[in-house]
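Encoded as C-alpha cells, the structure appears first; notes follow it.
Protein chains in written order, with our numbering: chain V, 6 to 114; chain A, 302 to 417.
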C-alpha cells in the first residue's frame with residue numbers, strides 16, 4: 006500500500022527556533038506537495054517539488070528522491086506559523102494525491 | 302481576487318436527509334476535487350472532475366454524488382446512504398496540464414458537516 010508518513014505528529018517550539026518537519030513515502034513519485042492548514046480549516050499550497058530544494062521567505066522545502074524523503078524547514082519561527090503542515094505525493098501510475106496525516110506545529114511567543 | 306468559495310461553513314443535517322455542499326471557483330481551473338477530512342486521517346478523495354460534464358469517483362465515493370454542469374461550480378451532495386457523514390469537507394481546484402496532480406491545488410475554507 007502506498008503511504009505517506011509524517012513526523013513528528015505534534016511539535017511545540019519557542020518563537021525564533023528553527024523548525025523541521027519530515028515526510029517519507031514508499032515508492033517512486035512524480036511530485037510532492039507541502040500544504041499548510043490553519044485553525045479555521047482552510048488549506049494553502051506552500052510548495053510543489055519533484056527534486057532539489059525550493060525556498061519562499063522563511064520556508065524551505067527539500068526532497069531526496071533516492072531516500073524517498075522530504076523536509077519542510079521554517080527559519081526564525083513565529084506564532085503565526087502555528088498550523089497543521091501536510092505532505093502529499095503523487096505516485097507514478099496513480100493520478101491521485103496521497104496525503105499524510107499532518108504535523109501540528111505550535112509556536113509559543 | 303480569484304479563489305474558491307465553499308458554503309456554508311457549518312452545516313447540520315438530520316438523519317435520512319440529503320444535503321448539498323456548494324463549491325465555486327473563479328480561477329478558470331479545469332479540474333475540481335472534493336476531499337473529506339476526519340480527525341487523525343489524511344485527506345481522502347471523494348470525487349474529481351477534469352472537465353465540464355465529466356467526473357470520476359475517488360477513493361470514498363459511496364454515499365456521495367456530484368455534478369459539473371459549469372466550469373466554475375462543483376457541488377457535492379451527501380446522500381442518506383452515507384452512513385457516517387460527519388466530517389470536514391474541502392473543495393479544491395487546479396489547472397490541468399499533463400496530469401492534474403502535478404499542478405498545485407487551490408483549496409477552499411471547507412464546510413463542517415454535523416448530524417443532528
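We treat Cβ as the ideally placed atom computed from N, Cα and C, and that holds for glycine.
Look at residue 97(V): its C-beta is not under 7 Å from any C-beta on chain A. Residue contact with chain V for residue 313(A): absent (no Cβ-Cβ distance below 7 Å to any residue of chain V).
Only exposed fits residue 313(A), as fewer than 16 other CB atoms lie within 10 angstroms of its CB.
Among the bridge pairs identified by DSSP, residue 395(A) is matched with 332(A).
Interface annotation, residue 48(V): in contact with chain A, CB-CB separation under 7 Å. With a threshold of 7 Å between beta carbons, residue 106(V) makes contact with chain A. Here residue 336(A) is buried. Its C-beta has 16 or more other C-beta atoms within 10 Å. Counted as a single uninterrupted DSSP element, the beta strand (DSSP E) harbouring residue 355(A) occupies residues 355-358. Looking at 382(A), 380(A) and 409(A), the one whose alpha-carbon comes closest to that of residue 394(A) is 409(A). At least one C-beta of chain A is nearer than 7 Å to the C-beta of residue 101(V). One alpha carbon belongs to residue 83(V), the other to residue 317(A), and they sit about 46 Å apart. Taking 7 Å as the cut-off, the Cβ atoms of residue 105(V) and residue 343(A) count as close. Residue nearest to residue 303(A) within the set 412(A), 411(A), 407(A) and 414(A) is 407(A) (criterion: CA-CA distance). Contact annotation: in the segment 67-99 of chain V, residues whose CB is within less than 7 Å of a CB in chain A are 95. The beta-carbon distance between residue 380(A) and residue 414(A), rounded to whole angstroms, is 12 Å. This is too long to meet the 8 Å contact definition.
Taking all protein chains in view, the Cβ of residue 367(A) is crowded by 16 or more other Cβ atoms within 10 Å, so the residue is classified as buried. Residue 60(V) holds the alpha-carbon nearest to the alpha-carbon of residue 78(V) among 95(V), 60(V) and 94(V).
When the Cα atoms are used, residue 13(V) and residue 101(V) turn out to be separated by approximately 25 Å.
Close partners of residue 9(V) in chain A (Cβ separation under 9 Å): 343.
Closer than 7 Å to the CB of residue 355(A) there is not a single CB belonging to chain V. The alpha carbon of residue 322(A) has as its nearest neighbour, out of 376(A), 391(A) and 384(A), the alpha carbon of 376(A). Listed along the chain, the chain A residues whose CB falls inside 7 Å of the CB of residue 45(V) are 410.
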